[in-house]
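In our numbering, the protein residues as written are 2 to 255.
Note sheet for the following structure.
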Amino acid sequence: MATPGVRPLIAGNWKMNGSTAEAAALAGAVAAGAGPGPDLLVCPPFPYLPGVAAALAGKPVAVGAQDCHAAAKGAHTGDVSAPMLKDVGATYVILGHSERRANHAETDAAVRAKTEAALAAGLTPIVCVGESEAERLAGEAEAVVTSQLDGSLPDGFAAAGGVVAYEPVWAIGTGRTPTEAEIAAVHATIRARLVARFGAAGGGLRILYGGSMKPSNAVAILALANVDGGLIGGASLVAADFLAIAQAAAAAPR
Ligand code: PGA
């Protein structure tokens with residue numbers, strides 16, 4: 002159930018998938034099926050960003066990236082800066098995804114620096130947090146998520162309308178999800194932390210759920226308090242599935 006007064010966001014994280022033709026086809030199908038309700042966002046790999054942004058210009062689907070560097074420019078071979086993303090038409094950027102944290106050793110401090118860069122460039126950051134399976138089994142999920150929030154979010158986050166995504170690492174790409182009660186509990190913890198840190202503005206920030214969200218579980222998950230949308234991986238690569246999740250968000254009680 003999206004927070005009262007908050008428009009849900011359904012975001013597709015395409016990860017390292019697709020080709021020029023496939024990205025164009027997927028973006029076109031999402032735009033063609035976009036209905037009223039949630040904000041829609043697709044996050045293609047870097048090379049396809051300009052083409053997808055051009056294809057979606059004037060359409061009700063925003064475009065975002067999956068990472069950015071903390072610096073605006075300079076000697077950082079292979080990296081891409083936030084102003085470059087803005088320049089090619091992105092308006093959002095996913096930061097601190099667990100695959101970045103794991104595969105590229107991104108710390109909370111690194112995520113915070115990238116988030117500051119995104120804000121400085123005028124991009125809306127989607128900052129990901131989430132516990133490992135061992136942490137969940139040890140009863141540490143909420144402590145881990147709280148610590149990641151504290152370390153990853155810069156002071157300007159709420160004023161700029163930043164987005165938080167709760168993505169339990171063990172639920173990503175596995176087909177497994179926490180129970181509805183577990184999701185609701187973590188989202189309530191995140192909301193409380195955002196309000197404690199940012200005051201009233203923290204009460205209106207969007208908190209997405211991510212991790213094996215699909216049409217068959219989206220209705221129940223999106224009905225939970227403080228679930229203001231979803232960050233969708235695998236199911237975002239199939240336009241019909243992504244659009245079905247968007248419809249679930251449109252139909253969720255508000
Ligand atoms: P998944 O990925 O939907 O394939 O589990 C979600 C994510 O990693 O953002």
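In this text, a Cβ means the ideal position worked out from N, Cα and C, and glycines have one as well.
Comparing the CB of residue i with every heavy atom of the ligand PGA, is any distance shorter than 7 Å?
{"i": "Ala-172", "result": "yes"}
{"i": "Leu-244", "result": "no"}
{"i": "Gly-123", "result": "no"}
{"i": "Ile-233", "result": "yes"}
{"i": "Gly-212", "result": "yes"}
{"i": "Glu-183", "result": "no"}
{"i": "Glu-107", "result": "no"}
{"i": "Ala-28", "result": "no"}
{"i": "Ala-33", "result": "no"}
{"i": "His-188", "result": "no"}
{"i": "Asn-14", "result": "yes"}
{"i": "Glu-132", "result": "no"}
{"i": "Ala-241", "result": "no"}
{"i": "Ala-236", "result": "yes"}
{"i": "Glu-23", "result": "no"}
{"i": "Glu-143", "result": "no"}
{"i": "Glu-117", "result": "no"}
{"i": "His-70", "result": "no"}
Cutting at 8 Å between CB atoms, please list the residues of its own chain near residue i, excluding the five before and the five after it.
{"i": "Asn-218", "result": "Thr-178"}
{"i": "Ala-54", "result": "Val-64, Val-89, Gly-90, Ala-91"}
{"i": "Ala-103", "result": "Val-170"}
{"i": "Ala-189", "result": "Ala-226, Asn-227"}
Taking Cβ positions, are residue i and residue j nearer each other than 8 Å?
{"i": "Gly-211", "j": "Glu-183", "result": "no"}
{"i": "Val-196", "j": "Glu-143", "result": "no"}
{"i": "Pro-48", "j": "Trp-15", "result": "no"}
{"i": "Thr-21", "j": "Gly-52", "result": "yes"}
{"i": "Ser-213", "j": "Thr-175", "result": "yes"}
{"i": "Arg-192", "j": "Asn-227", "result": "yes"}
{"i": "Ala-3", "j": "Asp-229", "result": "yes"}
Would you please state the rounded distance, in angstroms, between the beta carbons of residue i and residue j? I believe it to be under 8 Å.
{"i": "Leu-10", "j": "Arg-207", "result": "5 Å"}
{"i": "Thr-92", "j": "Thr-116", "result": "Not a contact, Cβ separation roughly 15 Å."}
{"i": "Leu-209", "j": "Ala-166", "result": "4 Å"}
{"i": "Val-31", "j": "Val-62", "result": "6 Å"}
{"i": "Ile-246", "j": "Gly-231", "result": "6 Å"}
{"i": "Arg-113", "j": "Pro-155", "result": "5 Å"}
{"i": "Val-128", "j": "Val-146", "result": "Going by Cβ atoms, the distance from Val-128 to Val-146 rounds to 11 Å, so no, they are not a contact pair."}
{"i": "Ala-118", "j": "Ala-72", "result": "7 Å"}
{"i": "Leu-238", "j": "Asn-18", "result": "6 Å"}
{"i": "Leu-223", "j": "Ala-249", "result": "5 Å"}
{"i": "Ala-251", "j": "Pro-5", "result": "Actually they do not touch by this definition, with Cβ atoms about 16 Å apart."}
{"i": "Ala-122", "j": "Pro-84", "result": "5 Å"}
{"i": "Leu-86", "j": "Cys-69", "result": "6 Å"}
{"i": "Ser-82", "j": "Ile-173", "result": "26 Å between Cβ atoms; not a contact."}
{"i": "Ala-159", "j": "Ala-202", "result": "4 Å"}
Please list, in chain order, all residues of the same chain as residue i whose beta carbon is under 6 Å from its beta carbon, the five residues on each side excluded.
{"i": "Leu-42", "result": "Ala-12, Ala-63, Gly-65, Tyr-93"}
{"i": "Ala-153", "result": "Per the sequence presented here, residue 153 reads as Ser, with Ala not at that position. Gly-97, Asp-109, Val-112, Arg-113, Val-128, listed in sequence order."}
Taking 7 Å as the limit between beta carbons, can you name the residues of its chain near residue i, skipping five residues before and five after?
{"i": "Ala-240", "result": "Leu-27, Ala-30, Val-31, Gly-34"}
{"i": "Glu-136", "result": "Ala-142, Val-145"}
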